[in-house]
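Step one of this worksheet: look at the structure below.
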Amino acid sequence: MKNSLKKIYHYFFDYDEDKLSIYSQYYYEILAALNSALVHRSYVLVSYQDGTSEIGQIIKRVSAGRFILRLANKKLIKIVDIDTIFRIDFA
């Protein structure tokens, strides 16, 4: 698991400026990205408005604006509110 987390981390942060952005996304773009991540079970980098970020998989939709995120270590599960998300990037 540690090796796959390293690969995901390097995918996002290995000096490829095209993959990262400092610009936020619109509400409908975030919602579409979360729905796509839910269907395809792909890893996402969730950046929050307070500057923090997490890598994980979207495993369930709780309500119209809330999703369940299983973090990359597969030990923590967190409810993510769409209003607190700044940006979603796919692995």
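Residue numbering for the sequence shown is 135 to 225, as defined by my numbering. Glycine is no exception: its CB is placed at the ideal position from the N, C-alpha and C atoms. Model, not experiment: these values are computed from the prediction.
Within 10 angstroms of the beta-carbon of Tyr161 lie fewer than 16 other beta-carbons, which makes it exposed. Under the criterion of beta carbons closer than 8 Å, Ala171 and Ile192 qualify as touching, at roughly 4 Å.
Taking the CA atoms as reference points, Ile211 sits about 16 Å from Ser197.
Within 10 angstroms of the beta-carbon of Val173 lie fewer than 16 other beta-carbons, which makes it exposed. If you check the CB distance, Leu203 and Glu188 come in under 8 Å.
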